[in-house]
Amino acid sequence: MRHNKKFNHLGRQTAHRASLLANMTVSLIFHKRINTTLAKAKALRVYAEPLINRAKEDTTANRRLVFAHLQNKEAIKILFQDIAEKIANRPGGYTRILKTGNRLGDNAKTCFIELVDYNEAMLGGKEEAKTKTTRRSRRKGAKSAEAAAENPVAEVKEEPKELPEA
Numbered sequence: 018m019r020h021n022k023k024f025n026h027l028g029r030q031t032a033h034r035a036s037l038l039a040n041m042t043v044s045l046i047f048h049k050r051i052n053t054t055l056a057k058a059k060a061l062r063v064y065a066e067p068l069i070n071r072a073k074e075d076t077t078a079n080r081r082l083v084f085a086h087l088q089n090k091e092a093i094k095i096l097f098q099d100i101a102e103k104i105a106n107r108p109g110g111y112t113r114i115l116k117t118g119n120r121l122g123d124n125a126k127t128c129f130i131e132l133v134d135y136n137e138a139m140l141g142g143k144e145e146a147k148t149k150t151t152r153r154s155r156r157k158g159a160k161s162a163e164a165a166a167e168n169p170v171a172e173v174k175e176e177p178k179e180l181p182e183a
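Per this note's numbering, the sequence shown starts with residue 18, numbered consecutively.
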């Protein structure tokens, strides 16, 4: 019986699925953003976030536990040095999934999965929105009177030309 076994098997045997998720996690650590299908991204989030959470505390035991899953020394170095600094204050939710539509060949749902603290476009957009706060008046009369005083030519209306009688 399959009681309480709800995770997505992704159509693969256990060893193949573990290798796939480990390789995708290593790619995510190296590139900070990868393009994949939605089902794989959701499975990767469940697999990768506990490993990323272990990187907050840099101990030999945590390094060995993460290495047992990933089997990549360079990824472990990046995870425990660079990524751990950025996620130190974050309580969870280290990845973000952005849906990108359907794939052309087989119509599979595709998406980007990325590390939250490494998307400069989204981080930069939030900072700009915070600094840009201007209040504008809702009165139309004051604004149109000022515009008319500055540009008197804009108010001149042309009279319709009369057509000559034939």
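Every residue, glycine too, gets a C-beta built ideally from N, C-alpha and C.
Distance check between K103 and each of K73, G118, K57, N25 places K73 closest, using alpha-carbon atoms only. Taking 4 residues as the minimum length, the alpha helix (DSSP H) runs contained wholly in the stretch 43–84 are 55–71, in order along the chain.
The three-state secondary structure of E182, taken from DSSP, is coil. With respect to T127, N52 sits close: the two C-beta atoms are nearer than 8 Å. Counting only runs that start and end inside the stretch 102–130, there is no alpha helix (DSSP H) element of at least 4 residues. In the assembly as shown, K57 is a buried residue. Its beta-carbon has 16 or more other beta-carbons within 10 Å.
Two segments are said to touch when three or more pairs of C-beta atoms, one from each, lie closer than 8 Å; by this definition the stretch 115–125 does not touch the stretch 19–34.
In chain order, A72, K73, D75 place their CB closer than 7 Å to the CB of A101, counting only its own chain and leaving out the 5 sequence neighbours on each side. In this structure, DSSP gives L27 a state outside helix and strand, which the three-state scheme calls coil. Distance check between A85 and each of P108, T42, F47, L55 places T42 closest, using alpha-carbon atoms only.
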